[in-house]
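Student: In terms of my numbering, the sequence shown has 103 at position 103, counting the first letter as 1, and numbering is strictly consecutive. Heads up, the beta-carbon is just placed ideally off N, CA and C, and yes, glycines get one too. All of these numbers come straight from a predicted model, not from anything done at the bench.
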Amino acid sequence: MNYDYLVVGAGFFGAVFAYEANRRGKRCLVVDKRPHIGGNCYTETVEEIHVHKYGAHIFHTSDREIWDFVNRFASFNNYINSPIANYKGEIYNLPFNMNTFSKLWGIATPAEARAKIDTQRGDAPANPTNLEEQALSLVGRDIYEKLVKGYTEKQWGCDCTDLPAFIIQRLPVRFTYDNNYFNDRFQGIPEGGYTPIFDQLLAGIDLRLNCDYLAHREELRPLAERMIYTGPIDQYFGYRFGPLQFRSLRFDTQVLEESNFQGNAVVNYTDRETPFTRIIEHKHFAFGTQPKTVVTREYPADWQIGAEPYYTVNDAPNNALYQQYAALAAQDPSVIFGGRLGEYKYYDMDKVIASSLKLILQELD
Ligand SMILES: Cc1cc2nc3c(=O)[nH]c(=O)nc-3n(C[C@H](O)[C@H](O)[C@H](O)COP(=O)(O)OP(=O)(O)OC[C@H]3O[C@@H](n4cnc5c(N)ncnc54)[C@H](O)[C@@H]3O)c2cc1C
């Protein structure tokens, strides 16, 4: 055996694990099928702008330990995520707050906003049977029609009346003039983009890029006693029980010969007719002043085997299917599945780092 650990996937889960294991004197080999490190958090530099290649990534956490951990590898700026919604040319602040309500109804006080929402919620059925009824019961008709319906239908590729109510458990409504999307204590974007964090995490660790584990299994598996696997768990087992469902995305990125296209990093298009869900203008994550700008339109897409898996579909049938794969995985304790694809669950960056650090404690402390 040449290594203590073979780590498949150089995203946050794999890279943090390899970094911490390496610090404890363990030899690791990290492989990733992509031509770069960083997983979905990878940023590349275009026109001196850090472009979030796999979708906008804003770091936010309330966990002081995780915040201190990432700050060892980067300086974070003071970016605060304040997306706006464009509904057929009308502009609204998100998340739903007093600025949104004032624009929607011309009101000024929290009491007026509450009264308006309460009246509109009054029409909704008492026991919601689908996402539309659920949303109406939470925020009422105007917010639902202009800011929830079209966006959600594009994301899921079907009507809100055909979606289960559980997808939207809560639609946070804020009765203050506060456009900060996240409630977390700490928030920001790493000043050099995300990729330099991964350069540091993986410094001095053997790395093979453009290397699909599944295509090199016979060669790679014998190299290490234990393996951390952060690719899709169903694919690892040859889809034995059938594929787990995902939603995919298509990104259309353009360099524009102007310095400021939309005045904000994130603009959501909340009508159903516009085919993309949002436009990201990357420079605004870092208060950029470059002469050009880079924008990315994000199109939701159906997923099938071979497409890039982005969002897990954690409904009851898929969760049950995942449990079958997890039971199969438990039969070989030398392979540990981790991260969003290995555990088939949506993880924010802080949570995936915390989960990787927890595994280190279980494995090596
Ligand atoms: C569109 C989008 C936006 C997001 N925005 C945010 C945000 O704003 N804030 C936030 O906190 N989180 C955000 N996230 C979540 C964030 O992307 C994840 O927390 C993080 O990427 C999870 O890290 P990971 O290591 O589990 O997975 P990944 O980053 O996906 O890494 C897995 C790696 O495994 C590799 N791999 C897979 N199979 C194989 C194989 N067979 N052989 C070799 N390599 C393989 C892949 O190439 C990949 O590099 C967002 C996610 C998405 C999809």
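What are the start and end residues of the beta strand (DSSP E) that includes Ala-286?
Tutor: The residue given as residue 286 occupies position 286 in the sequence shown. Taken as a continuous stretch (DSSP letters only), Ala-286 belongs to no beta strand (DSSP E), as it is neither H nor E.
Student: Under 6 Å Cβ to Cβ from Phe-198, same chain only, skipping five residues before and after it: list those, please.
Tutor: The sequence position of residue 198 within the sequence shown is 198, counting from 1. Closer than 6 Å at Cβ, skipping near neighbours: Ala-15, Ile-37, Gly-38.
Student: Tell me the rounded alpha-carbon separation between Asp-118 and Arg-141.
Tutor: Mapped onto the sequence shown, residue 118 falls at position 118. Mapped onto the sequence shown, residue 141 falls at position 141. In a straight line, the C-alpha of Asp-118 is about 10 Å away from that of Arg-141.
Student: If we ignore side chains and look at the alpha-carbon of each, how far apart do Lys-116 and Ile-84 end up?
Tutor: Position 116 of the sequence shown, counting from 1, holds the residue named residue 116. Position 84 of the sequence shown, counting from 1, holds the residue named residue 84. In a straight line, the C-alpha of Lys-116 is about 21 Å away from that of Ile-84.
Student: Please confirm whether Arg-247 and Tyr-299 have their CB atoms less than 8 Å apart.
Tutor: By one-based count along the sequence shown, residue 247 stands at place 247. By one-based count along the sequence shown, residue 299 stands at place 299. Contact flag unset, no.
Student: Shorter than 7 Å, the distance from the beta carbon of Met-349 to the closest heavy atom of ligand 1, or not?
Tutor: The residue given as residue 349 occupies position 349 in the sequence shown. Yes, Cβ of Met-349 sits closer than 7 Å to a heavy atom of ligand 1.
Student: Which word fits Glu-218, buried or exposed, when buried means at least 16 other C-beta atoms lie within 10 angstroms of its C-beta?
Tutor: Your numbering for residue 218 matches position 218 in the sequence shown. Per the 10 Å Cβ criterion, exposed.
Student: With 16 as the cutoff for other CB atoms within 10 Å, does Phe-166 come out buried or exposed?
Tutor: Counted from its first residue, the sequence shown places residue 166 at position 166. Classification of Phe-166: exposed, given that the 10 Å Cβ count is below 16.
Student: Which of the three DSSP states is assigned to Val-70 in this structure?
Tutor: In the sequence shown, counting from the first residue as 1, residue 70 sits at position 70. The answer is helix: DSSP assigns Val-70 an H, G or I state.
Student: Beta strand (DSSP E) containing Asn-299: first to last residue?
Tutor: One-based indexing of the sequence shown puts residue 299 at position 299. Position check: residue 299 holds Tyr in this sequence, whereas Asn was assumed. Counting along the chain, the beta strand (DSSP E) containing Tyr-299 begins and ends at 293 to 302.
Student: Please classify Cys-158: does DSSP put it in a helix, a strand, or coil?
Tutor: Numbered from 1 along the sequence shown, position 158 holds the residue referred to as residue 158. Reduced to three states, the DSSP call for Cys-158 is coil.
Student: Less than 8 Å separating the beta-carbons of Arg-226 and Ser-334?
Tutor: Within the sequence shown, residue 226 is the residue found at index 226, counting from 1. Within the sequence shown, residue 334 is the residue found at index 334, counting from 1. Their beta carbons are under 8 Å apart, which means Arg-226 touches Ser-334 by this criterion.
Student: For Ile-305 and Thr-152, I'd like the C-alpha separation in whole angstroms.
Tutor: The sequence position of residue 305 within the sequence shown is 305, counting from 1. The sequence position of residue 152 within the sequence shown is 152, counting from 1. Looking at the two C-alpha atoms, the distance is approximately 23 Å.
Student: Output the distance between the C-alpha atoms of Pro-110 and Asn-179, rounded to the nearest integer angstrom.
Tutor: By one-based count along the sequence shown, residue 110 stands at place 110. By one-based count along the sequence shown, residue 179 stands at place 179. Distance between the alpha carbons of Pro-110 and Asn-179 is about 15 Å.
Student: With distance defined between alpha-carbon atoms, name the residue in Gln-245, Leu-147, Pro-172, Ile-107 nearest to Glu-90.
Tutor: The residue given as residue 90 occupies position 90 in the sequence shown. Ranking Gln-245, Leu-147, Pro-172, Ile-107 by Cα distance to Glu-90 puts Leu-147 first.
Student: Does His-50 pass the burial test, meaning 16 or more other C-beta atoms within 10 Å, or should it be called exposed?
Tutor: One-based indexing of the sequence shown puts residue 50 at position 50. Label assigned to His-50: buried.
Student: Count the other CB atoms within 10 Å of the CB of Gln-254; is the residue buried (16 or more) or exposed (fewer)?
Tutor: Here residue 254 corresponds to residue number 254 of the sequence shown, with the count starting at 1. Exposed.
Student: Between the alpha carbons of Phe-17 and Lys-154, how many angstroms are there, rounded?
Tutor: Here residue 17 refers to the residue found at position 17 when the sequence shown is read from its first residue. Here residue 154 refers to the residue found at position 154 when the sequence shown is read from its first residue. Spanning the two alpha carbons is a distance of roughly 36 Å.
Student: Sort out for me which residues DSSP pairs Ser-248 with in a bridge.
Tutor: The sequence position of residue 248 within the sequence shown is 248, counting from 1. BP columns for Ser-248 point to Ala-301.
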